[in-house]
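In this text, residue positions in the sequence shown follow our numbering: the first is 53, and each later residue adds one. A quick write-up on the structure given underneath.
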Amino acid sequence: MNKLIVNFQKNCNSITMFAYLLNVILITLLYNNPIVLVGICVSLIAMVVLTRPEKVKSYLKFAGIIFFITVLFNLILNQRGSNLLFEIPFLKVTTESLMNAVVLGISFVNLLWAFYLYDSLIRIKTVFELLANLFKSIAIIFILTVKFIPEIIQIYTETKTVSRFRTQHQSNEQGLLKRIKRTVGLNEIVLNKAIASFMNVSDTLILKGYEQRRRNLGYVEFKRFDVIILILGLLSVIFNISMSVQHLGKINFGSANLKVSTDGVALILVINCLFILLPFLTGGVNYLWWKFYGSKTTVSDTITAKNYR
């Protein structure tokens, strides 16, 4: 993870980070103007590259698959429009249907990138404690989804690898019945291991007291930096909702008479892209402050110096 993003994480508390990420997700949901969507997509990709550069290739591959499937599916379902591009049996592609498909595809991809960023920066413990105080059942589902499902996938992958290693001497030309039996046996092993893992998670939740009805959220310190970020987030929410109510940054999605308006697009792009890049920008400001001022007035063995050393 980039040092500037790490600096943002260290300077803000968990609730501030949670509010920032929810705001980013809200931004991806409110607009469907293709110009705005592309700008938001570029900003989200830049943030993911800064937070998880080692996984960018796999993320891009999966996002490309989602985009292609979404566009293809929408082209098949929505064939309305007057400006015909080309036509094949059972499929008529028009400018309007292609634009609708691309808009829907980018919207899904943006939401996907937003959750990638959410997964990179969120602190699971704080989110779970917040949900546990408000919605106990949702909190249990949340923690099982975040922790248990990836565990099942890992168990399945490891078990399948071991099973292939044990049976690699067998011929590939086996009957369908043998393959089904082998798959059933594999699923049985995965299920047994998953149940044991689930029981461990359940015992851990009980030991931590999450079965109790009332829980107090741990002490969270709000510094000046947190207040500034929360105020910026609130202003961003108010701005985006007001723009959405005025139908700025939106198109008549799904219509056969599609029109892309540029009214307010520049302002929406600038504000939302800056907010998405807020961790990088604030980290950069802190770094510049340290380089040109703090390093000259602070003893070199302080915590601040160690963070930037």
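Every residue gets a Cβ at the ideal spot worked out from N, C-alpha and C, and that includes glycine.
Residue i vs residue j beta-carbon contact at 8 Å
| i | j | result |
| --- | --- | --- |
| Phe119 | Gly91 | no |
| Leu137 | Thr147 | yes |
| Val317 | Gly336 | no |
| Leu127 | Ser149 | yes |
| Thr80 | Ile281 | no |
| Leu56 | Phe277 | no |
| Asn140 | Phe70 | Note on identity: in this sequence residue 140 is Ile, with Asn being the wrong assignment. In this structure, Phe70 does not lie closer than 8 Å to Ile140 by Cβ. |
| Ile320 | Tyr83 | yes |
| Val312 | Ile303 | yes |
| Leu102 | Asn54 | yes |
Option nearest residue i by Cα separation, candidates the options
| i | options | result |
| --- | --- | --- |
| Glu210 | Leu96, Asn239, Asn324 and Met69 | Asn239 |
| Val279 | Cys64, Phe60, Leu319 and Val58 | Cys64 |
| Asp315 | Phe160, Glu139, Asn85 and Ser172 | Asn85 |
| Leu243 | Asn130, Glu106, Tyr208 and Arg276 | Tyr208 |
| Asn324 | Leu310, Tyr168, Asn292 and His299 | Asn292 |
| Ser172 | Val100, Cys93 and Asn304 | Val100 |
| Leu74 | Val289, Lys109, Leu340 and Val88 | Val289 |
| Leu287 | Val155, Val76, Phe274 and Ser313 | Val76 |
| Ala94 | Asn162, Phe114, Ser66 and Leu82 | Note that residue 94 is Val in the sequence shown here, rather than Ala. Closest by alpha carbon: Asn162. |
| Val322 | Val145, Ile87 and Pro105 | Ile87 |
| Leu310 | Gly237, Lys113, Leu169 and Met151 | Met151 |
| Leu169 | Leu143, Leu330 and Leu340 | Leu330 |
| Pro78 | Phe114, Phe160, Lys109 and Lys343 | The residue asked about is misnamed: residue 78 is Leu in this sequence, not Pro. Minimum Cα distance to Leu78 is reached at Phe160. |
| Ala153 | Gln131, Phe167 and Phe142 | Gln131 |
| Gln206 | Gly237, Asn59, Lys233 and Lys245 | Lys245 |
| Phe167 | Gly285, Ile232, Arg104 and Thr334 | Arg104 |
Exposure of residue i, with buried meaning 16 or more beta-carbon neighbours within 10 Å
| i | result |
| --- | --- |
| Thr213 | exposed |
| Ile117 | exposed |
| Arg266 | Any answer about Arg266 is weak, because its pLDDT of 49 lies below 50 and its placement is not dependable; what the coordinates show is given next. So Arg266 counts as exposed. |
| Leu96 | buried |
| Phe327 | buried |
| Thr235 | exposed |
| Tyr72 | buried |
| Trp165 | buried |
| Val155 | buried |
| Asn59 | buried |
| Asn338 | buried |
| Ser66 | buried |
| Gly237 | exposed |
| Leu89 | buried |
Cβ-heavy atom distance, residue i to the ligand PLP, below 7 Å
| i | result |
| --- | --- |
| Ile92 | No copy of the ligand PLP occurs in the structure displayed, which carries no ligand at all. |
Start and end residues, alpha helix (DSSP H) containing residue i
| i | result |
| --- | --- |
| Leu300 | Careful: Leu300 lies outside any alpha helix (DSSP H) and carries neither H nor E. |
| Cys64 | Note, Cys64: premise wrong, no alpha helix (DSSP H); not H, not E. |
| Asn338 | Leu330 to Trp341 |
| Asn126 | Val108 to Leu129 |
| Val100 | Pro86 to Thr103 |
Endpoints, the beta strand (DSSP E) within which residue i is located
| i | result |
| --- | --- |
| Ile140 | Leu136 to Ile140 |
| Thr146 | Leu143 to Thr146 |
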